[in-house]
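Enquirer:
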Amino acid sequence: MFEFLFNYPLAVYRKGTLVFSSGWPLALLALALVVLAAAVAILFFRHRLPRKRALLLGAIEWSVLAVLLLLLWQPALSVSVLKPQQNVVAVVVDTSQSMALEDRYREARSLFENRLASDLRKRFPLRLYQAGEAPTRIEQLPAEPSARRTDLGAALRQIASESSLMPVGAVVLLTDGADNGGNLGADTIEALRRARIPVHAIGFGSERMASDIEILDADLPARALPSSRLMLAATLRQSGFRGKTARLTVREGERVLGQKDLRLPADGESWRETLPLNAGNAGVKTLEISVQPLEGETNTRNNRVERLVDVRDRKPRILYIEGEPRWEMKFIRRAVEEDSQLDLASLVRTTENRFYRQGIRSPQELERGFPSAVEELFAFQALIIGNVEAGYFTPVQQNLIREFADRRGGGVLFLGGRAALADGGWQRSAAAEMLPVTLPDRKGTFRREPATVELTRAGAESLILRLEDDPEKNAARWKALPYLADYQMTGEPKPGATVLAEAIPGVRLRHPLLVTQNYGRGRVALLATGGTWRWQMALDARDQSHETFWQQLLRWLAGTVEERVTLTTTRQTLFSEEPAVIRAEVRDRNYLPAPGAVVSVHLMGPGGVSETIELAPARGEPGVYEARWRAPRPGAYLAEATAREGLEELGRDTATFRREDGSQEFFRTEQNRELLERLALQTGGRYYRPADAGSLVKEIELSEAGITVRETRPVWNAPAAFLLLAGLKTAGWLVRRRWGAV
Amino acid sequence: MAVTVSFPQASAILKPTGGIYMHMRRPVAVLMAACLFAASLFAFQRGYGNIRRLFPEVDDETPPPGAQEKTEFYFARLRYPNVRATGIWAMRGSWTVDYPKADRQFLQGLLRLTRIHANPMERVVDLISDEIFDYPFVYVVEPGHWDLPDAQAKKLREFIDRGGFLMTDDFHGTFEWELFTASLNKAFADRPIVDIEDDDPVFHVLYDLNDRVQVPGIVNYPFQKTYEYDGIEPKWRAWRDPKGRIAIAICFNMDQGDAWEWADNPHYPEKYASQAYRTAINYILYAMTH
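Chains as they are written, first to last, in numbering that gives the first Met the number 0: chain A, 0 to 741; chain B, 0 to 289.
Here it is as structure tokens:
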């Protein structure tokens, strides 16, 4: 309709510039309009008409004459159009596996072969590309979409670079927009804009899948100690099954590690589910996380993901110092003795000048008390500072305690006590900064009075405080625990700290009890009591609440502490031939970055893959080394890194990752219209639904890329102009008739 | 204490001469036995009275200064039912032996010699209520006279299984051992009682107690003999938990309680008092670290 009334499509008016073809000066037009206005005014006011009527009729008549004058000046649109047959149009068709859903590919192929190709070829030479794992120029579309990845960005970048060799007028992209190649970023858009190539995107597929449950993400720690409690955090989305129930399962091979029934929420919304698991024995575990498909699901391949967990048979060492004998130490030691993956060395001041050492590896270890040397202290993975005043430690030791978390990356736990925290002067110590609370500057904060424990919301989610797998049972169990023998007032938690539990000594009284935070490369926790031993003595001997709590707290504290060499891959799962970025962080014996190390990585994989590569120093990151490596085939891979400085071996570490082919094509498969619209808008193109693709050719003609010619298209002869004139005259007649003048 | 008295004239009197002397034999024998008994009793009373004179009982139960303070450690004494009580113990019970002076004197030493934040006043617990679970260290004196009902034995076992520590003291000889184990075995028969080796951590946690002597009670004054009944050899024994930790420390054929009680008495040898303090301090430190 627009084109009928205005002679040209809207795009011409958007892209064109208004000009007047008569060649007469515009100033003359303006003057003529003014003179006309004056003449009409004199004419109408002389007739002694009421003022308003005169004004109205005068305006109508003046408008008619003004439009006629404008048309005399011959208005036109100056617009840049592609020269026919001198500009290439690149047609990019998405041939990835996601296009197989809902017959998207069949529809795209039909649109192209039966309509678009012929329409475009009338004006432009075509170049056909398929976008999948890598862009490829083709003569004919494949029968089926089989690419295991969608890398639209790579295809568009290729075309942008080819435009320097030939005039590319536009890109027509036929896709569902489910890009997972990771290359459709700002730099690709910028390359297209520099080449002034508009991208016209035709989107296929539903914008929301009608009946589908999808696992968007599944988060598990990459490393764990044997028999650790892990927490799976799965993000899911569903449509079409609101209110129904589905089962989330985690398996290792045939063995079910955890299961949970999910009540599906509103359509289209993503939500998060957690599920506690046990890490089991040592080894690299491939865990399958799946949601049971429901009847009628359009895509069941996105109901399942796999994750690797490296369960390492490590035994982190914890150093525990107490300023005086107390029951808490006894029962903490007993709890740790039940855990084969924790090793506790302890020092307790029995008299003013004597220590009792336990858990030491040799008679010489800790014989001078708490370490003052970096190497001796940093040999541990975690520290527990019990009821000992800050003044007991020298300034060097206080700094070391802080550096233990900050530089070494270890875990530090502060307990409550009559000489601990504020009562021990820690607020004025060198370690004050690392505490997750701001201690009050006064004494008398420690109280030997009973207090019960209540979990905060964060605590209810935390693995440290998970005595039962079921959240409700867990909360009930914590509520039923005996009271603590004592508690300590800690002050306010610092920003970034998390309060997991509170001590409640009385009605309307509550204080932070367990507070955690990350500090530097490590982590710090504060447990403002020395009285959890009552949980052991006041409950049946078979009850494991006390043991479980302490084992989980200490595993959290020490279980993920890294050593001098830490090997990681930026992604645990590689899709198709995407390269793995292998990184090693190397520290010297003082846990400072080691910029002069030589790092080699031995890679092993399926089918006998075995290769050793050297990592190069990462720019701007001292002590960090990295390399890119392509996994030759799908499967699980093991990387073993060794770092040396001269003849000295600084350390070793391992990392695991896997290559999967094609699976990502079945996730986030709904049409990504937002991406396509944004791509089109930012490059000067347009987004089309398949049904609207008919106007695509005309839109392409108006591209400013490639070889163009400037055209002047007259608009004075548009039907809209004559309709306007007729309309104005009719309006004048109607008004006169109303007033009885005709 | 036994005293032997001889009556040489008796043999002459009892020499059979026939006739009238034959039917006087029985009354004379009874008379002699009565005299013998009276003499022994006199000797005993005189000896015991001497001991009591040198070691006068002072049963002052007034709370000492600082008793109201809430502390980390309490010395908890176990109150238990007796087997058979005789004399004054029938009214008080064997569990009260040395109470409370021994406890308080010991605590003074504990406070002075260690960093344990201890309360200067003892506490008394039993195996009837659940209060015992608030005191992970419990001392029991004269368990050779205890007679634990099944329920109390079971509670004691639960106390130990949860992590409690029991120190037994002041029982002697075969007879008292059997009475002790009769009650203990109601709940602890699954694991044996063993001698504590010299290199066990309990003998080295603070003091090195390689050279240990038998600590006598005051009944052995003047301590030329240090044992009672047939308890000649002192035995430091233990009942260990499944992890091998000492859970019940058994001080058999010795009397630490008397040593603490009379440590301030010049008639009680210092070497015994010192060892008694050191032993118990070691046991307490062991209990608080294992």
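Glycine included, every Cβ here is placed at the ideal spot set by N, Cα and C. Note that the coordinates shown come from a computational prediction; the quantities given were computed from them, not determined experimentally.
Can you confirm whether the segment 110-126 of chain B touches the segment 59-76 of chain B when touching is taken to mean that 3 or more C-beta pairs between the two stretches lie within less than 8 Å?
Expert: Because the criterion of three Cβ pairs below 8 Å is met, the segment 59-76 of chain B and the segment 110-126 of chain B touch.
Enquirer: Can you name the residues of chain A whose CB is closer than 7 Å to the CB of Phe132(B)?
Expert: Residues of chain A passing the Cβ test: Met536, Ala537.
Enquirer: Cα-Cα, which of Phe43(A), Val171(A), Gly57(A), Leu68(A) is closest to Pro24(A)?
Expert: Residue Leu68(A) is the option with its Cα nearest to Pro24(A).
Enquirer: What is the residue span of the beta strand (DSSP E) that Gln104(B) lies within?
Expert: That residue, Gln104(B), is in no beta strand (DSSP E); its alpha helix (DSSP H) goes 100-112.
Enquirer: Considering only C-alpha positions, which residue in the set Gln258(A), Thr299(A), Leu183(A), Gly252(A) is nearest to Glu750(A)?
Expert: The requested residue 750(A) is not part of the displayed model; chain A covers only 0 to 741.
Enquirer: 8 Å is my cut-off, CB to CB: does Arg554(A) come that close to chain B?
Expert: Arg554(A) does not count as touching chain B.
Enquirer: Buried or exposed for Lys121(A), please, with buried defined as at least 16 other CB atoms from any protein chain shown within 10 angstroms of its CB.
Expert: The residue is exposed, with fewer than 16 neighbouring Cβ atoms inside 10 Å.
Enquirer: Note down the Cα distance separating Trp628(A) from Ile159(B), rounded to an integer number of angstroms.
Expert: C-alpha separation (whole angstroms): 59 Å.
Enquirer: Using a Cβ-Cβ cut-off of 8 Å, state whether Arg333(A) counts as contacting chain B.
Expert: Interface residue, yes.
Enquirer: Roughly how many whole angstroms lie between the Cα atoms of Glu251(A) and Glu336(A)?
Expert: Whole-angstrom Cα-Cα distance: 29 Å.
Enquirer: Closer than 8 Å, CB to CB, is Glu336(A) near chain B or not?
Expert: At least one chain B Cβ lies under 8 Å of Glu336(A).
Enquirer: Buried or exposed, going by whether 16 or more other CB atoms sit within 10 Å of the CB of Glu700(A)?
Expert: The residue is buried, with at least 16 neighbouring Cβ atoms inside 10 Å.
Enquirer: Nearest to Asp312(A) by alpha carbon, out of Glu296(A), Ile331(A), Lys284(A), Ile288(A)?
Expert: Nearest C-alpha to Asp312(A): Lys284(A).
Enquirer: With a threshold of 8 Å between beta carbons, is Lys153(B) in contact with chain A?
Expert: For Lys153(B), the answer is no, since every Cβ of chain A falls outside 8 Å of its Cβ.
Enquirer: Taking just the CA atoms, how far does Tyr636(A) sit from Gln626(A)?
Expert: In the sequence on display, residue 626(A) carries Ala and not Gln. Distance between the alpha carbons of Ala626(A) and Tyr636(A): 15 Å.
Enquirer: Just to confirm my understanding: we take Gly152(A), look at its own chain, exclude 5 residues before and 5 after, and list those with CB closer than 6 Å. What are they?
Expert: The residues are Gly180, Asn182, Leu183, Thr187.
Enquirer: Any C-beta of chain B within less than 9 Å: which residues of the segment 339-363 of chain A qualify?
Expert: Here the close residues are Ser345, Val347, Arg348, Thr349, Thr350, Glu351, Arg353, Tyr355, Gln357.
Enquirer: In whole angstroms, what is the alpha-carbon distance linking Lys555(A) and Ser227(A)?
Expert: At residue 555(A) the sequence reads Trp, which differs from the Lys that was named. Their Cα atoms are separated by approximately 9 Å.
Enquirer: Starting from Met166(B), follow its DSSP beta bridges and name the residues at the other end.
Expert: Partner(s): Tyr138(B), Ala248(B).
Enquirer: Find the nearest neighbour of Leu256(A) within the set Ile137(A), Gly279(A), Thr135(A), judged by alpha-carbon distance.
Expert: That would be Gly279(A), whose Cα lies nearest to the Cα of Leu256(A).
Enquirer: Give me the Cα-Cα distance between Lys14(A) and Ser79(A), rounded to the nearest whole angstrom.
Expert: Cα-Cα distance, rounded: 8 Å.
Enquirer: For chain B, is any of its Cβ atoms less than 8 Å away from the one on Lys284(A)?
Expert: Chain B contact via Cβ: absent.
Enquirer: For Gly521(A), which beta-bridge partners are listed by DSSP?
Expert: Gly521(A) pairs with Tyr518(A).
Enquirer: Tell me which same chain residues have a C-beta within less than 8 Å of the C-beta of Pro74(A), skipping the five on either side of it?
Expert: If we look at Pro74(A) and ignore the five residues flanking it on each side, its Cβ neighbours are Leu17, Val18, Phe19, Ser20, Pro713, Val714, Trp715.
Enquirer: Using a C-beta to C-beta distance shorter than 8 Å, which residues of chain B count as neighbours of Lys329(A)?
Expert: Per Cβ cutoff of 8 Å: Pro135, Gly162, Ala286, Met287, Thr288, His289.
Enquirer: Output the distance between the C-alpha atoms of Val347(A) and Glu610(A), rounded to the nearest integer angstrom.
Expert: So the two alpha carbons sit approximately 50 Å from each other.
Enquirer: At a Cβ cut of 8 Å, what residues of the segment 308-326 of chain A count as close to chain B, listed as they run along the chain?
Expert: The residues in question are Gly322, Glu323, Pro324, Arg325, Trp326.
Enquirer: Which residues of the segment 468-480 of chain A have a Cβ closer than 9 Å to any Cβ of chain B? Give them in chain order.
Expert: So the list is empty, because no residue satisfies the distance condition.
Enquirer: Does Ile196(A) pass the burial test, meaning 16 or more other C-beta atoms within 10 Å, or should it be called exposed?
Expert: Its Cβ being crowded by 16 or more others within 10 Å, Ile196(A) is buried.
Enquirer: Just to confirm the assignment, what range does the beta strand (DSSP E) spanning Leu464(A) have?
Expert: Where Leu464(A) is concerned, there is no enclosing beta strand (DSSP E), given that its DSSP letter is neither H nor E.
Enquirer: Please list the partners that Arg114(B) has in chain A, where partner means a Cβ-to-Cβ separation under 8 Å.
Expert: Gly322, Glu323, Pro324, Arg348, Thr349, Thr350, Glu351, listed in chain order.
Enquirer: At least one CB of chain B closer than 8 Å to the CB of Ala502(A): is that the case?
Expert: Cβ-Cβ to chain B under 8 Å: no for Ala502(A).
Enquirer: Since Ala419(A) meets chain B, which of its residues come closer than 7 Å, beta carbon to beta carbon?
Expert: Neighbours of Ala419(A) on chain B: none; closest Cβ ~13 Å, over 7 Å.
Enquirer: Under a three-way DSSP split, which group does His545(A) fall into?
Expert: In the structure shown, His545(A) sits in a helix (DSSP, three-state: H, G or I).
Enquirer: Using a cut-off of 8 Å between C-beta atoms, extract the partners of Glu157(B) located in chain A.
Expert: Within 8 Å Cβ-Cβ: Asp539, Ala540.
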